[in-house]
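Report on one structure; see the data block that follows.
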Amino acid sequence: MAARKTDTLDIARRRLLLGSAGAAAAAGLGLGPGRLFAQEQISVAGIYTVPVEQQWVSRIHIAAEAAREAGQITYTFSENTSNTDYPRVMREYAESGVKLIIGEIFGVEQEAREVVLDYPETAFLLGSSFMPDPAYPNLAVFDNYIQDASYLSGIIAGAMTQTGNIGMVGGFPIPEVNRLMHAFMAGVRETRPDATFQVSFIGSWFDPPKAKETAFAMIENGADLLYAERFGVSDAAQERGVLAIGNVIDTQADYPDTVVASAIWHFEPTLQAALARVADGSFEADNYGVYSFMKEGGCSLAPLGTFAGKVPQAALDLVAEKEAAIKAGSFTVEINDEEPKSS
Amino acid sequence: MEIFDILVSASFWAAVLRIASPLIFATMGELICERAGVLNLGIEGIMVFGAFAGWMAVYAGLGLWPGVLVAFASGALFGLAHATLTVPFGLSQHVVGLGVTLLATSSAYYAYRLALPEVTSPPRIEPFQPLDIPVLSDIPFLGEALFSQTALTYLAFATVLIVALVLYRTPLGLALRAAGENPSAVEAQGLSVTAIRMGAVMVGSGMMAVGGAFLTMSAFSSFFFEMVNGRGWICIALVVFGAWMPGKALLGALLFAGFDALQIRMQQTPLGADIPYQVFLMVPYVLSILALVAMSRRAEVPAALMVPYNRGER
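Which chain is which? The protein sequence lines are P and D, in order. Residue numbers are given in this note's numbering: position 179 of the first sequence equals residue 287, and the series is strictly consecutive. Residue numbers are given in this note's numbering: position 70 of the second sequence equals residue 119, and the series is strictly consecutive.
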């Protein structure tokens, strides 16, 4: 085989395959190693199985975009990558010389680990249900451990519900979802010890009409406040005039009279921790989940916004007290990954 | 006891109609295609594209009803692609159908990203609102159960009526059914089998797209890439369930929606605490398969379904 010629061809094709979204950045890579001014910037690539609008991924994307705008990194991404295609895209970015690859491998845990071993020079920071493993020294894992903020949002929810009947619609009962639901419920019980919960999973991440139907059923069954884990739930709450608590992102702007408070995930601390270690060469297998904790700035309660003045002061005082305790380390919100059940 | 309480609540029946609406549109669309002799497996993708196109049109400022038309037209275009390959060229309807599904799904997403490159949460439109029909909406129970829907739901039911009337009471319907049973007979009458089949696939595909658009323009207010979530495949089964007859297919759609609305509510009964949620989610599918087995035993499949027609060939 004419190895040299094939190489150039391959690179050219790879560049094409990066897709329209990555095209601009790929052109940047094309400038090659002679590009002196970029030496301090770390090249980062994101690989997402869903569009970057999706709640969870949007938080990663926003943090990476911010780092890019700050001149800290170069950033390209591939969204909507199917799980079957995921390892191939990982390889393409790794081959192209990207230093840090971020993404989510909940659906391709094993194959992704095989790829990781082939590219020891590349750092991988990937959302995963498993713990870090020294056998894969360049793979660090993370997840949105925002139970602190979920707990605080629960305290507000408990104070706002009239009936004490709270509806929760989730996608699938995976650890990431379960622990936030449990933390939320624990928060509710602080202000409403006798609260009951309706819990349903719709078996899909993206079926807002179904999530909405499920939420309708809960409202008809007495719920006057909904925990909006999925898109569609806040819409049902808005149509029926009940309240909702947001999760991961702040959607109050879209539902000003419905969404009371939201537990928000900030990916920035996770990304910054990884970038620092890539820069000084100390990146290793590690669990970055802790950078989503409140004391690391990884999560927060969204501002009350339109609901300022409508939440009982006693609840806000409790939120402030617990928030201070969480940040000081004197109070820890329990992490419970079991599937929540209706009560 | 619990089930009885659920079944006698008006809100349950309202939910059944809501859940059934997109299925009804798409099932009628598939039914027309198959009655003319063409299996259209592009349905899932066409629904995705319809969901996108209708929503995008409204988002661009066209208004709701023009949005429905845009959705219909976009579906008809994919139908044209499907029909061109399967009818005059006589290619495998399975392969072409799946190809159309892949193409339409990806095109929807590609167009979405071209139109909205920089959004962090999917934009929302003002969707169809439930109509307040004078007198009817005020009837106790029935008003809430049947007459608290959006205009698109009523259009779905009207579609069944129109499809049934056209199929069984017009020369066009006769020709369409004949194209699916005995195309040579159609040819002998001086009619073009190709034209009839292509027309049926285009109109049917347009209806599938409106079914998809129901999701983004009535059931919900923004477009998500995976939101059709297998509803198209359900409709293929519903056509078989309905033995290729509009009335029975409507019954199937209502039955499926009924099981779905029921399982959502059953999850909150004491049963839900003991039975894993996956079992509930499975219920509509399992019961539909059982019903399919029972119903389809006497079904008459259009004799020329999936048989390409070549003029002059015996």
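All C-beta atoms, glycine included, are put in the ideal place defined by N, C-alpha and C. Bear in mind the structure is a predicted one, so any value in this text is a computation, not a measurement.
- Under DSSP, Trp373 of chain P takes part in a beta bridge, and its partners are P:Cys407.
- Around the beta carbon of Lys320 of chain P, 16 or more other beta carbons sit within 10 angstroms, so the residue counts as buried.
- Looking at the DSSP output, Ile95 of chain D sits in no beta bridge, so it has no partner there.
- Bounds of the alpha helix (DSSP H) holding Gln255 of chain P are 255-268.
- The alpha-carbon of Thr184 of chain P is positioned some 28 angstroms away from that of Tyr108 of chain D.
- Apart from sequence neighbours up to five positions away, the residues of its chain that approach Arg314 of chain D with a beta-carbon distance below 8 angstroms are Ile55, Phe61, ordered along the chain.
- Taking the beta carbon of Asp343 of chain P as reference, the chain D residues within 8 angstroms of it are Phe269, Ser270, listed in sequence order.
- With contacts defined as CB atoms closer than 8 angstroms, Gly211 of chain P and Tyr156 of chain P qualify as a contacting pair.
- In terms of beta-carbon proximity, Leu330 of chain D lines the interface with chain P, with at least one pair separated by less than 8 angstroms.
- The beta-carbon of Asp445 of chain P is placed no less than 8 angstroms from the nearest beta-carbon of chain D.
- Ala64 of chain D reaches chain P at Glu321, Phe324, Ala325, Glu328, counting residues in chain order whose Cβ is nearer than 9 angstroms.
- The closest CA to that of Val223 of chain P, considering only P:Pro242, P:Asn246, P:Pro240, is found on P:Asn246.
- Leu134 of chain D places its beta carbon less than 8 angstroms from that of Leu140 of chain D.
- Secondary structure at Ile55 of chain D: helix, using DSSP grouped into helix, strand and coil.
- The Cβ of Pro220 of chain D sits no closer than 8 angstroms to any Cβ of chain P.
- The alpha-carbon separation between Ala122 of chain D and Gly110 of chain D amounts to approximately 17 angstroms.
- For Val356 of chain P, the uninterrupted beta strand (DSSP E) segment begins and ends at 351-356.
- Among the CB atoms of chain P, none fall inside 8 angstroms of the CB of Gln198 of chain D.
- Interface with chain P (8 angstroms Cβ-Cβ cutoff): Ser186 of chain D is excluded.
- In the three-state reduction of the DSSP assignment, Leu223 of chain D falls in the helix class, which pools H, G and I.
- Contact check for Gly154 of chain P against Ile168 of chain P passes: the beta carbons are separated by less than 8 angstroms.
- Looking at the DSSP output, Gly296 of chain D sits in no beta bridge, so it has no partner there.
- Near chain D, meaning a CB-to-CB distance below 7 angstroms, the residues of the region 284-312 of chain P are Gln306, Ser308, Phe309, Gly311, Ser312.
- Taken in chain order, the whole beta strand (DSSP E) runs of length 3 or more contained in the region 171-225 of chain P are 181-186, 208-212.
- The Cβ neighbour count for Ile52 of chain D, taken over all protein chains shown within 10 Å, is under 16; the residue is labelled exposed.
- When C-beta distances to chain D are compared with 9 angstroms, the residues of the region 184-217 of chain P below that value are Glu187, Asn188, in chain order.
- Taken through DSSP and simplified to helix, strand or coil, Thr414 of chain P comes out as helix.
- The CB of Ser60 of chain D comes closer than 7 angstroms to the CB of Glu328 in chain P, given here in chain order.
- At the C-beta level, Val160 of chain P and Tyr194 of chain P stay beyond 8 angstroms of one another.
- In this structure, the alpha-carbon of Pro364 of chain P lies about 22 angstroms from that of His374 of chain P.
- A check of alpha carbon separations from Gln198 of chain D across D:Pro333, D:Met247, D:Ala69, D:Gly103 identifies D:Ala69 as the nearest.
- Looking at the DSSP output, Val367 of chain P bridges to P:Ala352.
- For the C-beta of Pro171 of chain D, the chain P residues within less than 7 angstroms are, from N- to C-terminus, Glu161.
- Close CB contacts of Asp302 of chain P within its chain, under the 8 angstroms cut and outside five residues either way in sequence, are with Gly272 (chain order).
- For Ala153 of chain P, the secondary structure class from DSSP, reduced to helix, strand or coil, is strand.
- Residue burial annotation: Ala249 of chain D is buried, with at least 16 other C-beta atoms found within 10 angstroms of its C-beta.
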